[in-house]
Each structure stands twice: as structure tokens, then as C-alpha cells.
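There are 2 protein chains.
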Amino acid sequence: MEAQAPRRANRSTVLAHVLTHGPVTRTAIGQETDLSPATVSRIVEVLLDEGLLTETDGTPTTTRGRRATRVAIAAGRGVVCGVDVGGSNVRLVVADLAATPLVGRTVPTPADYDAPRLARWLADLIRQTVGDNLARLDCVAVGLPGAVRQHDRTVCNAPNLPQVEDPDFLRLLEKRLAVGVEVDNDSNYALLGELRFGAARDAQTAVMFTIGAGLGAGVAIERRLFRGRSGMVGEFGHLPAGPLGGALEQIISGHGILARARDLGLPFDNAADVFHSTDSRLVPVKQYVEQALLIILTAAVVAYEPEVIVLGGGISHALKPDLGRLGSRLREIVPATAAAVQSAELGDLSGALGAVVAALHSAYGRLGLAEADLAHVPQSDALAGCDLGALSATVIA
Amino acid sequence: MEAQAPRRANRSTVLAHVLTHGPVTRTAIGQETDLSPATVSRIVEVLLDEGLLTETDGTPTTTRGRRATRVAIAAGRGVVCGVDVGGSNVRLVVADLAATPLVGRTVPTPADYDAPRLARWLADLIRQTVGDNLARLDCVAVGLPGAVRQHDRTVCNAPNLPQVEDPDFLRLLEKRLAVGVEVDNDSNYALLGELRFGAARDAQTAVMFTIGAGLGAGVAIERRLFRGRSGMVGEFGHLPAGPLGGALEQIISGHGILARARDLGLPFDNAADVFHSTDSRLVPVKQYVEQALLIILTAAVVAYEPEVIVLGGGISHALKPDLGRLGSRLREIVPATAAAVQSAELGDLSGALGAVVAALHSAYGRLGLAEADLAHVPQSDALAGCDLGALSATVIA
DNA sequence: TCTATTTCCGTTCAGGGTGAAAGTATTACC
DNA sequence: GGTAATACTTTCACCCTGAACGGAAATAGA
Chain A
110 MEAQAPRRAN RSTVLAHVLT HGPVTRTAIG QETDLSPATV SRIVEVLLDE
160 GLLTETDGTP TTTRGRRATR VAIAAGRGVV CGVDVGGSNV RLVVADLAAT
210 PLVGRTVPTP ADYDAPRLAR WLADLIRQTV GDNLARLDCV AVGLPGAVRQ
260 HDRTVCNAPN LPQVEDPDFL RLLEKRLAVG VEVDNDSNYA LLGELRFGAA
310 RDAQTAVMFT IGAGLGAGVA IERRLFRGRS GMVGEFGHLP AGPLGGALEQ
360 IISGHGILAR ARDLGLPFDN AADVFHSTDS RLVPVKQYVE QALLIILTAA
410 VVAYEPEVIV LGGGISHALK PDLGRLGSRL REIVPATAAA VQSAELGDLS
460 GALGAVVAAL HSAYGRLGLA EADLAHVPQS DALAGCDLGA LSATVIA
Chain B
110 MEAQAPRRAN RSTVLAHVLT HGPVTRTAIG QETDLSPATV SRIVEVLLDE
160 GLLTETDGTP TTTRGRRATR VAIAAGRGVV CGVDVGGSNV RLVVADLAAT
210 PLVGRTVPTP ADYDAPRLAR WLADLIRQTV GDNLARLDCV AVGLPGAVRQ
260 HDRTVCNAPN LPQVEDPDFL RLLEKRLAVG VEVDNDSNYA LLGELRFGAA
310 RDAQTAVMFT IGAGLGAGVA IERRLFRGRS GMVGEFGHLP AGPLGGALEQ
360 IISGHGILAR ARDLGLPFDN AADVFHSTDS RLVPVKQYVE QALLIILTAA
410 VVAYEPEVIV LGGGISHALK PDLGRLGSRL REIVPATAAA VQSAELGDLS
460 GALGAVVAAL HSAYGRLGLA EADLAHVPQS DALAGCDLGA LSATVIA
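Sequence order for the protein chains is A and B. Add 109 to the 1-based position in the first sequence for the working numbering, that's all there is to it. Add 109 to the 1-based position in the second sequence for the working numbering, that's all there is to it.
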């Protein structure tokens, strides 16, 4: 423990408090963090000098006495970009340091590009979306449809967009962007988004399943992402609990549902349509999926005891009417369950907004925020009054 | 961050280092913890004054110069008792503060006693086993065959010894012992034992399944026990993946195996005997159990990505020849698996020794060890040269 | 036996950090 | 304009660390 350790810790505490509570007075910081006014003043002074914080006036004039000046993060000092690369669409959200979204875009994925070309295309798309803010770009976070090992940043198990497994993809992307690039599984980022801004806003421990072409999963324990070494944490789709010991993912995924409908001579293009259809021949298919889903939900409950399980991805909308029944059946199996089963509040933007959060964490870390304080930033109402629809407007590049 | 915070942190660091590295010189502490000699000296002085540490002479005289004096934990300053209460046997181990076992006992559980009587019986058994060391008894940890909620210390789901669910049991036990009593699930303690001294000694993340009358589980992440709120973390026996959506625990547990053998007209008394039998009619039963076990192992792998999965409990011995095959099949299902499947190294004493560790953690905490440093104490070779057989000698009380 | 050397241990001291309290600035109310 | 209330800043005593210094113990060698 060197001499400057307490200073760093207190700096992180103050910064975290400002980031989570928005514009706030020095006095309030001191009271709510148990730091002395002197310490708060000293640290705020440093942060102001560095340009990380700005003073805002505008305290309500309800009481007499000297007016408190409030400080807030210098939001415009930098921007970050969160990217959700899916098999069919790429979604981008650019946000400032206060996590206020500035621009959002959805662009069809050029799935036929090879790795280098895809990297260049994505880098140019990001640069174009960031636009004038490019000089202030702090960090880019990219969610990929595959398993990501953090310690060597390798990607595997990405059948829906195999190019991203090529190490060149990341290398070229980072090179062309000339800023740090964070990478993770898209489901992990989707969970991070819901954990900050969405359905898991108030949960300490949460699990998210994204049911798209495949079945993805993310796990958060004590408000922090829990990633294993190989990035397969929560992938209960591997459980050999299907008929003949097959994997559950073959049942509960877009591919699986479409295949099963085809077996009945009912070709669908879209798995969600299977659920919306009232064709009675599909009832066993739906029951089958529901049973598989129940096994996976049970696994999540006994594995992590989450407060909430969020379902996202393409067909989660179609499952919405069934959530209540799923919850009841879950509690029959595990009576002590406290987990609520909900659908994603951020819709298709969970992943991109979660990537924004990850990018912000990286940027905040460089500003001196300690790892432990990252779990509470940015503030969860940063999206209040934000038009999610406008952010996800589709643009044909 | 108040002024004495660094002092406390450094004290914890020094204490943890002495506890993990045994007798050690002040210089070595400084070098290996990056603390300055001055800081180490000051803190060691305080700890010596408090009687927590003792100076031992006897540095090897290999080098010349002033002999370094080594300090070690004052092992005899206190003792703890770890208790593993099972449906058929109670196992006790008394150890000193250096985790050296002093006495061990195994006594048949008087399963017909009601809660108050069982509490009195157990308290007296503990007092008797601790013997002359009673005045120095610091803490008792009791592992129970049921789910334990830590925040209100309630016990539920203990079909094999329902008395312990009665709140009076714990209350009376603690009152009669007049020391702090830690409680947890017996599988959690078994894992703690293996994690410190046994098969998971070198693992950061580990899972343990105890297959006895029922199926219990414990999970450790980053060398710390992961307990959910209601204590059912890792209980994948609840998965409704059996035939007709039944729970897996009904297949893979002593009760389940015996029932299935009975269905075939083969009454056994002991589930392990089913496995040792060469009767060809039992082959499907064994395959059935193995398939269920495989689902549970897969769930553990994708849930936590453990480095090792430890199997313990009555029939784990019988499963030993199958471990290799289980591991191979596991890697077929989840190729990225790094988990080794092993049987408990501490045998029947995992639980009692894990309880010793838990009791030591509580005692160490009162000595000033920070929560984060508990993950590495006591030292893993504390049992070296210790006769486990003698410790588990059965005594008819 | 006596001295030099080596290798530690313990202490002193400067520097940086915090919190309590005193001091200053700013505002509202009379 | 005076007074009270509130927000922030400065001062000061104290705590903690790390580097440097001096002391102590044991061996090696004469």
C-alpha cells in the first residue's frame, strides 16, 4: 500500500458518486460517501482542474445561505461508441461521457464480406457515425455473436458470422479506428444494457438469455458480469437434456424451431411467426420449446439464484404472453425461487446500449475509477426521456 | 477512507501472509507483500504484543549474518471446532489456529432426538471433544444437511434430519456452547475443505457434488464460496430433465438408485453396493445414473466454468472407476471444457475439515483479517503428515 | 581471541494524506 | 445595512508509509 493509495481510492469514490448521482453539490458528496468536506473539496478541485468535472450553477433557491454549486461530469469531453454486431444487423449507439445517447443507427450486416473487408467496413461505419466527435472518441465496444475469451481476445463458436473468429478482424478494426476496442459476447453486452438501464435495473444478480438464431446467455453476479475463461458461462443450451441426449439449443433457438416446424410440413421464414401462428399442429412444438426453456430457466435459477431472468432476442416478443405461466411453472419446480422472468426492456438495443456501458467503463477506468466502483456507473436514468425508436432507426449504408 | 484504513489493510496483509506461509521472517514478509520493512516491523510488533504472533527461533543456519527471527501464528492461542452433521453420522474435528487438527471423532447421529435434545446432545459432544481447550474455543462451525439462508440463518429442505430446520436447534446450540456458531450447508463446507486441503487445492473456481442420500452441491468462484440467498446454488438436481419432466435428484441420489434397483426386484441396503454389483440387470440403472450425472456435470461446466469438479459423498468411491469416462463424455459435449472430474481427496472428512476452515475464517476475521484475504487462509499444507484415518475414528458416545 | 563482514532488525525522519475545526464567501431575511 | 444560515476553503494536528540510517547477531578468517 503506497502513499497515494487513499487519494486514488477517494478520487474513485467521488468520481463514482458524481457519475451515479448526476450534478451534485460538494456537500452532498461528502454526506453520502462519508468523506470529509475538506477531502471532497480537494479532490473536486483536482478533477475540475483536469477538466473531468464542470461546475453547473442552478441550485434551486429555496433556502437561504450561500448557494451550492453543483458539479457534473464534463459530458462533452469525450464520446464512446457501442456496437452490436449481429448476423443480420449491426446496431451502433454513440453516447457522451454522461451516457446520453447522441446518435443511433441500424445497418444490415454485409454477411458475405470476408474478415478484413468486414473490419474495414465496420471501422468506416463507426467513424462515419461518430462524425464530428471522432477526435474525442475514447473507446469503442463491440459485441460479437460468439464466445469471446477475454484473456487473449479470441473469438470462437460464432456460426452466424464466422468471419469475426479471424484474429485479423479485431486487429484491423482496432488499427483502423486508432482507439481502444473492447470486445465481448453480444449476450453479455445485452445483459449489461438491461442491468444498467432496463429490466434488471434493480437486480444484484441477473441472467439474460437471448433467443435468436442460436441461444445466447449472459450472467451478472453482484451487478458485475460473470464471464468464465472461455466465455461460455450460462450457455445452458449445451445441456444434453433433449431427446436422445441432444443439446437443448437444438430445440430452443430460431434454427431449432424452424426445423421442427419444417418436420411438420410447415415452412416458416421466421421463428417468431411460429409462435404467432394459431395452427393447432404447432401446439406440440410450442410445448416442446416451453419444456426446454423451463429446464434452462431452472438451471439459471439454481446456478445463480438471480433476482430476474431477462429474455431477449428475436422471438422474445413472441414469448411475452407466456412469461407469467413460465414464472409459475418455475416456482412449482423450485419453490424458493425469487426470480422474475421478464422480457428485455430495451428491445433490440440492449446489446448496443450494453456495449456503450462497457465502453464507458473502459473510459472511466482511465479517468481513475476503481474496478469495484464500475458496478454502479453510469446512472441508470441516463436514458430517461430518450427516444429508443429514433436510436434504432434503420439506415441503408 | 479514514486515517486508520491503511493500517488495517496492512495488518490484514501481514496476518494473511503469516497464516498462508507459516513461520516466516519479517524480511520475507516485506519482500513478498511489497510492504516496507518499517511497516512490517511496526505491524508485527503490534501483533506480537497482542499475542497473536509468536517468535520462533530456528532459522536454518545456511547463511551467515544475523539470524532472522521468524514469526508464526500463536497456534495455541485458540482452537476451533468443525462439525459435519449428517443423517447417519456426526463428524467433528478440533484444530488450532494454524489449522493443525488436534482431535477428530465420528459419532452416530441420534436421528430420533427432537430439536432441543439434539442441540443439547451436540453441544455436549462438542464440549467433550474440545476438552481442556474449551476456554480457548473461538468458534464452532456446523455443516447441516439442508439449505441454509445466511442472512437470517434459517434452515430448510433438510429431509434427512428435519429437526435442524427448527430455529430452536441453532439457538440452543449457540446458547449452550457460549461461542459464535457458523452454519452452512454441508456440501458447501465439503467444498471448502477440498478447496483448501484437497482436490480443488489449486483451483480458482470449483464445484462439488456430494452424492449421499440426496444430491448436494457447493460452488466456489475465485476461491470464495458462492452462496445464493436461499442456499440452493448449484443444486442442479432440481432440473426437470428426467423422464416425464421429473427432477434429476430422483435419479442420481442414494434414495433414487435404491428405488430403481427395487423396481427390478433387487433390494439393496446401500447405493454404493448397487454400483459394485456385477448383476447385468443393473447395467441400465447405472447407465441411467451416468446420463443424469452427465447433465449435472454439463450444467456445472457451463454455469461456472470450474477448473475442477469434485465428487464426494457415500457413493463417490463407487464412481471412481468411471471418472475418466465421465470426463471424456463431458468434453464431447462441451469441447472447451477445462474441468477435471475428481473424487474427494479428504474422503468423509471433507465436510468437517471445511467446517474447520469456516470456523477459522470467522476467528481470523475477528483478529483483523479482511474478507478478501480469507480466500487464501489457512495454508493448504496444514494437513500435511496428518493421519486422516485417525481423525475419523468412530467413537460410540 | 579478536576483528571484519554479512545479513538482518528496528528506528528516525521527511513526505503525503486525512479529518476536525476555524475561517471566509455568499445568499436570504429583517 | 445587519444578522443568520449555508457552502466551501484553509489551517493544523495526526496518521501512515517508504527510504535511509544505525544497531545487533552470527560467521569467517587471522
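Ideal Cβ positions, reconstructed from N, Cα and C, are used throughout, including at glycine.
Excluding sequence positions up to five away, which residues of its chain have a Cβ less than 6 angstroms from the Cβ of T178(B)? Taking the first residue of the second sequence as 1, we reach residue 178(B) at position 69. The answer, listed in chain order, is E164.
Once DSSP output is grouped into helix, strand and coil, what is the label at R332(B)? The residue labelled residue 332(B) in the question sits at position 223 within the second sequence. Three-state result, R332(B): coil.
**Prompt:** Does the beta carbon of M341(A) sit closer than 9 angstroms to a beta carbon anywhere in chain B?
**Reply:** As a working mapping, residue 341(A) is identified with position 232 in the first sequence. Answer yes: the Cβ-Cβ gap between M341(A) and chain B drops below 9 angstroms somewhere.
Q) Could one say the Cβ of V292(A) lies closer than 9 angstroms to chain B's Cβ atoms, at least one of them? A) What you label residue 292(A) is simply residue 183 of the first sequence in a count that begins at 1. Not an interface residue.
- Would a C-beta distance cut-off of 9 angstroms place A184(A) and L201(A) closer than the cut-off? Within the first sequence, the letter at position 75 stands for residue 184(A). Within the first sequence, the letter at position 92 stands for residue 201(A). Against a cut-off of 9 angstroms, the Cβ pair of L201(A) and A184(A) comes out as no contact.
By Cβ distance below 7 angstroms, which residues in the same chain neighbour R475(A) in space, the five residues on each side in sequence not counted?
As a working note, residue 475(A) is residue 366 in the first sequence. Excluding positions up to five away in sequence, the list is empty.
Using the beta-carbon of each residue, which ones in chain A are nearer than 9 angstroms to F345(B)? Counting from 1 along the second sequence, the entry for residue 345(B) is found at position 236. The answer, in chain order, is T407, A408, V411, A412.
Closer than 9 angstroms, CB to CB, is Q237(A) near chain B or not?
-> Sequence index remark: in the first sequence, residue 237(A) carries index 128 (1-based). Q237(A) does not count as touching chain B.
Specify, as a first and last residue, the run of the beta strand (DSSP E) that G174(A) falls within.
-> For the purposes of this step, residue 174(A) is identified with residue 65 of the first sequence, where counting begins at 1. Careful: G174(A) lies outside any beta strand (DSSP E) and carries neither H nor E.
Minimum length 3: unbroken beta strand (DSSP E) runs contained in the region 264 to 319 of chain A: 289 to 294
### Task
Between the Cα of N266(A) and those of N242(A), I366(A), V239(A), D295(A), spot the shortest distance and give me the residue it belongs to.
Indexing the first sequence from 1 puts residue 266(A) at position 157. Considering only alpha carbons, the answer is D295(A).
request  = Return the CA-CA distance between E159(B) and R117(B), expressed in angstroms with no decimal places.
outcome  = Within the second sequence, residue 159(B) is the residue found at index 50, counting from 1. Within the second sequence, residue 117(B) is the residue found at index 8, counting from 1. Near 15 angstroms, if we compare the C-alpha coordinates of R117(B) and E159(B).
For L300(B) and V342(B), I'd like the C-alpha separation in whole angstroms. Taking the first residue of the second sequence as position 1, residue 300(B) is located at position 191. Taking the first residue of the second sequence as position 1, residue 342(B) is located at position 233. Distance between the alpha carbons of L300(B) and V342(B): 13 angstroms.
Exercise for review: My understanding is that P487(A) touches L469(A), with C-beta atoms under 8 angstroms, so please give their C-beta distance in whole angstroms.
Suggested key: Residue 487(A) sits at position 378 when you count from the first residue of the first sequence. Residue 469(A) sits at position 360 when you count from the first residue of the first sequence. That belief holds up - the Cβ atoms of P487(A) and L469(A) are roughly 6 angstroms apart, short of 8 angstroms.
Worksheet entry | Same chain, Cβ closer than 7 angstroms to A427(B), five either side skipped, listed in chain order | For the purposes of this step, residue 427(B) is taken as residue 318 along the second sequence, with counting starting at 1. Correct list, in chain order: A381, F384, H385.
At the 9 angstroms Cβ level, is N297(B) part of the contact set with chain A, yes or no? Numbered from 1 along the second sequence, position 188 holds the residue referred to as residue 297(B). No, N297(B) does not count as interfacial toward chain A.
Worksheet item: Once you ignore the five residues that flank A370(A) on each side, which residues in its own chain have a CB closer than 8 angstroms to its CB?
Response: For the purposes of this step, residue 370(A) is taken as the residue at position 261 of the first sequence. Excluding residues within five positions, the ones whose Cβ falls inside 8 angstroms are P376, F377, V383, L391, V394.
Exercise for the section: Check the Cβ of A114(B) against every Cβ in chain A and list those closer than 8 angstroms, keeping chain order. Expected result: The sequence position of residue 114(B) within the second sequence is 5, counting from 1. Within chain A, the residues near A114(B) are P115.
**Study point:** P225(A): first and last residue of the uninterrupted alpha helix (DSSP H) it sits in
**Key:** By 1-based counting over the first sequence, the position of residue 225(A) is 116. Where P225(A) is concerned, the enclosing alpha helix (DSSP H) stretches over 224 to 239.
Any C-beta of chain A under 9 angstroms from that of G139(B): On the second sequence, position 30 is the one that residue 139(B) refers to. Cβ-Cβ to chain A under 9 angstroms: no for G139(B).
**Request:** Compute the Euclidean distance between the alpha carbons of V189(A) and R336(A), then round it to the nearest angstrom.
**Result:** Sequence index remark: in the first sequence, residue 189(A) carries index 80 (1-based). Sequence index remark: in the first sequence, residue 336(A) carries index 227 (1-based). Computed Cα separation, rounded: 23 angstroms.
Exercise for the section: Under 8 angstroms by Cβ, that's how I've got T238(A) and V199(A) pegged, so tell me the actual separation to the nearest angstrom. Expected result: The sequence position of residue 238(A) within the first sequence is 129, counting from 1. The sequence position of residue 199(A) within the first sequence is 90, counting from 1. Contact flag wrong, Cβ pair sits at about 10 angstroms.
Where the beta strand (DSSP E) containing T163(B) begins and where it ends: One-based indexing of the second sequence puts residue 163(B) at position 54. Element bounds for T163(B): 162 to 165.
Original post:
Which one of P349(B), L324(B), S389(B), G340(B) has the shortest CA to CA distance from G365(B)?
Top reply: Locating residue 365(B) in the second sequence gives position 256, counting from the first residue. Of P349(B), L324(B), S389(B), G340(B), the residue nearest in Cα terms is L324(B).
### alpha helix (DSSP H) segment containing V394(B), residue limits
In the second sequence, the residue the question calls residue 394(B) occupies position 285. Note, V394(B): alpha helix (DSSP H), 392 to 413.
Quiz item: Does the beta-carbon distance from G252(B) to A220(B) come in below 9 angstroms?
Solution: Residue numbering aside, residue 252(B) sits at position 143 when the second sequence is read from its first letter. Residue numbering aside, residue 220(B) sits at position 111 when the second sequence is read from its first letter. Going by C-beta atoms, G252(B) is not nearer than 9 angstroms to A220(B).
Is it the case that the CB of G340(A) approaches a heavy atom of the ligand MG more closely than 8 angstroms? For the structure depicted, the ligand MG is absent and the ligand set is empty, with no information on it obtainable.
Could you check whether the Cβ of M318(B) sits closer than 9 angstroms to any Cβ belonging to chain A? Within the second sequence, the letter at position 209 stands for residue 318(B). Residue identity differs from the one stated: residue 318(B) is Phe in this sequence, not Met. Judged by the 9 angstroms Cβ criterion, F318(B) is not in contact with chain A.
Of the residues that make up the region 384 to 400 of chain A, which ones have a beta carbon closer than 8 angstroms to any beta carbon in chain B?
Q400
When you compare the CB of G354(B) with every CB in chain A, is at least one pair closer than 9 angstroms?
Position 245 of the second sequence, counted from the first residue, corresponds to residue 354(B). Yes, its Cβ sits closer than 9 angstroms to a Cβ of chain A.
**Prompt:** Do V466(A) and A309(A) come within 9 angstroms of each other at the CB atom, strictly closer than that value?
**Reply:** For this step, residue 309(A) is matched to residue 200 along the first sequence. For this step, residue 466(A) is matched to residue 357 along the first sequence. Contact flag unset, no.
(Q) Please confirm whether L483(A) has its beta-carbon closer than 9 angstroms to some beta-carbon of chain B. (A) Taking the first sequence and counting its residues from 1, one reaches residue 483(A) at position 374. Not an interface residue.
- Give the secondary structure of D496(A) by DSSP, where H, G and I count as helix, E and B as strand, and everything else as coil. Here residue 496(A) refers to the residue found at position 387 when the first sequence is read from its first residue. Note: D496(A) maps to coil in three-state DSSP.
Could you say which of L353(B), P217(B), T387(B), Q113(B) lies nearest to L231(B) if we only look at CA atoms?
As a first step, residue 231(B) is located in the second sequence; it is residue number 122 there, counting from the start. If we check each option's Cα against that of L231(B), P217(B) comes out closest.
Review point. What residues match up with A418(B) in a beta bridge as DSSP calls it?
Key: Position 309 of the second sequence, counting from 1, holds the residue named residue 418(B). Position check: residue 418(B) holds Ile in this sequence, whereas Ala was assumed. Answer by DSSP bridge pairing, in chain order: V316(B), V450(B).
* Give the interface partners of L403(B) over in chain A, defined as CB-CB distance under 9 angstroms, in chain order. => For the purposes of this step, residue 403(B) is taken as the residue at position 294 of the second sequence. Those within 9 angstroms of L403(B) in chain A are P349, G354.
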